[in-house]
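Taken in sequence, the protein lines are chains L and F. Per the working numbering, the first sequence starts with residue 1, numbered consecutively. Per the working numbering, the second sequence starts with residue 1001, numbered consecutively. A short write-up of the structure that comes next.
Protein chains: 2
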Amino acid sequence: MNTSIGVGVLGAGTVGGTLISRLVDDREAIATKTGLELCVKRVAVRDLAKERDFTVDDGVLTDDLLSVVNDPEIDLIVELMGGRDLAGDLVLAALEAGKPVVTANKELVASRGPELIAAAERTGVPFLFEAAVGGGIPIIRPLSETLAGEPIERVLGIVNGTTNFILTRMAEDGADYADVLAEAQELGYAEPDPTADVSGADAAAKAAILASLAFGTWVGLDDVYHEGIEDLSPIDLVFAADFGYSVKLIGIAERIMGGVSARVHPVMIPVDHPLASIRGATNAIFIQGPSVGELLFAGPGAGGAPTATAVLGDVIDAARETLAGAQVAPKIRFSPGELVPFGDVATKWYLRIEVDDQPGVLAQVAGAFGSAGVSIKSVWQEGEGDEALLLIVTHRAREADQQEALRHLEEIDTVRSVAAVIRVESEEA
Amino acid sequence: MNTSIGVGVLGAGTVGGTLISRLVDDREAIATKTGLELCVKRVAVRDLAKERDFTVDDGVLTDDLLSVVNDPEIDLIVELMGGRDLAGDLVLAALEAGKPVVTANKELVASRGPELIAAAERTGVPFLFEAAVGGGIPIIRPLSETLAGEPIERVLGIVNGTTNFILTRMAEDGADYADVLAEAQELGYAEPDPTADVSGADAAAKAAILASLAFGTWVGLDDVYHEGIEDLSPIDLVFAADFGYSVKLIGIAERIMGGVSARVHPVMIPVDHPLASIRGATNAIFIQGPSVGELLFAGPGAGGAPTATAVLGDVIDAARETLAGAQVAPKIRFSPGELVPFGDVATKWYLRIEVDDQPGVLAQVAGAFGSAGVSIKSVWQEGEGDEALLLIVTHRAREADQQEALRHLEEIDTVRSVAAVIRVESEEA
């Protein structure tokens, strides 16, 4: 029986380089454990002259992407180049040619998932992307296979390690956002251009994938509202702790109001929630369902080695299927469903408001909420000379109504500034 | 395209009953989400007259087990009857007849796994047992698929909810083992005959399965040393907390000394270890690997609903494969490996020793350890009248040497009793 699989890799950055090293160095160990001979036949890179941490035979490196996809000796494509257009076209070409594809590209899956999944279904080959969410944490298979029969209600995920590292340092050391970001960049936890991480865009792509798999309704990247951590101040993390909350950047996928909602924003979450204690660059995904109850998956969410482990698991799985010569049964199926616009989602808000310290201000502020139909749960007031600080937590109300209250607030003369707004997740109304 | 699958269920206890209810009640929802028509054709029960929580058509219930396996309208068998002999023979017959089998029977998998996996491989059908470990927590697929390329070093699991419930109550309320056991029985967290849980036997079957999948070397039920929680006293849980440890019943699967070790016993684990904070009947599995780092999976480890979710996920997966008409690629492969006898495993011990309060006793006690080649890490002594209490923590030493030290201790006249022995897991030597 033939047990050899020719592997072509598109992109040899951090994850790609680590994967290739392991395919080459652990070739025998993998063969012993799995019975598969995984042979790296070609690796497409942008710069042939650049020095690499891995060693491959002469002629394996190429800068011709399409030649890898078209090589008849290559049975399986691993896409680790990133981006959605070129990468997506190459993945599509491979799937249409009947070659299984493994990718870690969350942006690609979140933007072109249905098209690629449909192509894989037509030719009956695996299209696997375990590494696209949560790095080394197994989450795609559990969601799409183990929990296939569970009407999942809610998925909450800390799915971006950079922002969780920054928030942990801000909360524990009272450090400013800008200082911690600079530190994270020095440590390699944040990119030189950190926008995708700190803006919530990276987490939004992952939330889109989690929502799509959890609910079986396609949620695209552009369907996910996202808001980042750039405007958070350490003082609000302190107030949050006083109130019994941690502040985390969380991807939320929920079945609500007969539809599906997916969004990413900073969240005040009760300190006894399992996600509240996830520190540093660790990722964690929390799943709720009526039968299965509450599940937590935690581990390293990024980094070359854990992500390469997830990619390698997919490569082994796809290679097994390919050698079995099977028409692969599609594991993912989308049916139509309604997306709930973010403005209709009911949330609770925490607000820090700077006001003139004079009689009647609180009544005016309360009126702003009242006229928007938002009711206030608690107010905490502190005077400081001629200025006072109001910390307000509202009851649950439509996001659009909360935004209306915010506009009313900003029109009040005695309101100097709405200095912070953070949404609150808790069981209570 | 035919999308209908005839399902036969062997056993309709708590898990079986819940599964059947969901297959019947959620039939349309499952069809929408997965594209599969899952039809419960026959259910084998011991007592046809017993009232059931689920409703099936006339003629579906039977007390003839073999008729379910042999029914040509049944494409897929779910085994939930328990036990290893009869259940195993029926599962084997189904697999040999080319019918996929899903089971939650940990004892069966841990005792006859290789035989059944080989039979499934011969006929190319799925043999799935996600529910056998960790109830609703997805762990079998992550271990055998996502982490297939990771040379896993260590798996630590709280895999028995009954004992974790009892230990949590003992630690938090200082309650006696016997009292908490009685309470757990009243609450339905413990069986009327709790032996399998409290003796560690249930956890041993799960540890055998985890070790086999993690290391790709078959570890049978009888290869797992196990020790239960029956002899633990609340006072040792208090001392453990003073020293910075929690006491948990843990299944340990490790690659050590060029081989594989699997064992279950009470463990003092540092309070900052992720498993230390797992409370009540929750299960959790902690995995360490050189690339993936540390992963934690937590959730409800037992109960009809979560376990039925895991079984249903397997049923859907097996049904998809069956409809794809594919020769299923085997996901699990065992290669030879050495099992390290428990006596050769290096462990640290905590001991509570009652001695006469007189000069020279400590020297005698220290001598008992020294003559067995075990070195002492710390001693804490407390006098109480003419009796003294010694709390000793040793450095890591071979289990057999620790046992020899124990025999020497028990021969010393001034040692009244070795009142407690608990093994300690920590990073230090």
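We put the beta carbon where it would ideally sit given N, CA and C, even for glycine.
What Glu294(L) touches in chain F, judged by beta-carbon distance under 8 Å, is Gly1299 and Pro1300, going in chain order.
Where Phe1239(F) is concerned, the enclosing alpha helix (DSSP H) starts and stops at Pro1234 to Asp1242. Comparing C-alpha distances from Val1045(F) to each of Met1257(F), Gly1134(F), Leu1010(F) and Phe1297(F) shows the shortest one belongs to Leu1010(F). Burial state of Gln402(L) is buried, judged by a 10 Å Cβ sphere holding 16 or more other Cβ atoms. Asn283(L) sits in a strand when the DSSP states are folded into three classes. Put simply, the CB of Ile1209(F) is far from chain L, with every gap to its CB atoms at 8 Å or more. Under the three-state reduction of DSSP output, Ser375(L) falls in the coil class, being neither helix nor strand.
In this structure, the alpha-carbon of Ala240(L) lies about 50 Å from that of Gly1082(F). Per the Cβ contact rule, the segment 311-329 of chain L is in contact with the segment 128-137 of chain L (3 or more Cβ pairs under 8 Å).
When only Cα atoms are considered, Leu187(L) and Ser67(L) end up about 37 Å apart. Not a single C-beta of chain L is nearer than 8 Å to the C-beta of Arg1084(F). Any Cβ of chain L closer than 8 Å to the Cβ of Ala1029(F) would place that residue at the interface, and such an atom is present. Taking the CA atoms as reference points, Ser199(L) sits about 29 Å from Leu92(L). Against Ser1291(F), the close residues of chain L are Ala305, Pro306, Ala308 and Thr309, in the order they occur along the chain (beta-carbon pairs closer than 7 Å).
Ranking Val421(L), Asp236(L) and Gly13(L) by CA distance to the CA of Asp47(L) puts Gly13(L) first. Contact check between the segment 1361-1375 of chain F and the segment 1283-1300 of chain F: fewer than three CB pairs, one atom from each, fall below 8 Å, which does not count as touching. Only those residues of the segment 1026-1058 of chain F whose C-beta falls short of 7 Å from the nearest C-beta of chain L are listed: Ala1029, Ile1030, Thr1032, Lys1033, Thr1034 and Gly1035. The Cβ of Ile137(L) sits closer than 8 Å to at least one Cβ of chain F.
In this structure, the alpha-carbon of Leu1391(F) lies about 22 Å from that of Asp1272(F).
Looking at the backbone, the Cα of Phe165(L) and that of Lys248(L) are separated by about 10 Å.
Within 10 angstroms of the beta-carbon of Ala363(L) lie fewer than 16 other beta-carbons, which makes it exposed. Under the Cβ criterion (8 Å, minimum of three pairs), the segment 1029-1045 of chain F does not count as touching the segment 1102-1113 of chain F. According to the DSSP assignment, Leu390(L) belongs to the beta strand (DSSP E) that extends over Glu387 to Thr394. Counted as a single uninterrupted DSSP element, the beta strand (DSSP E) harbouring Gly293(L) occupies residues Gly293 to Pro300.
Here the C-alpha atom of Glu411(L) lies approximately 16 Å from the C-alpha atom of Val421(L). Within chain F, the residues whose beta carbon sits less than 8 Å from that of Leu323(L) are Ala1329, listed in sequence order.
In summary, Thr1394(F) is buried, with 16 or more beta-carbon neighbours lying within 10 Å of its beta-carbon over all protein chains present.
With its beta carbon at least 8 Å from every one in chain L, Arg1255(F) lies outside the interface.
Under the three-state reduction of DSSP output, Ser1004(F) falls in the strand class.
Around the beta carbon of Thr3(L), fewer than 16 other beta carbons sit within 10 angstroms, so the residue counts as exposed.
Beta-bridge partners of Ser111(L) (DSSP): none assigned. In this structure the segment 1133-1152 of chain F does not lie against the segment 1229-1243 of chain F, because fewer than three pairs of beta carbons, one per stretch, are closer than 8 Å. With a contact defined as Cβ atoms closer than 8 Å, Phe1297(F) and Phe297(L) qualify at about 6 Å. Residue range Gly259 to Pro270 is occupied by the beta strand (DSSP E) that includes Ala262(L).
At a cut-off of 8 Å between beta carbons, Glu150(L) contacts chain F. For Arg423(L), the closest Cβ of chain F is not nearer than 8 Å.
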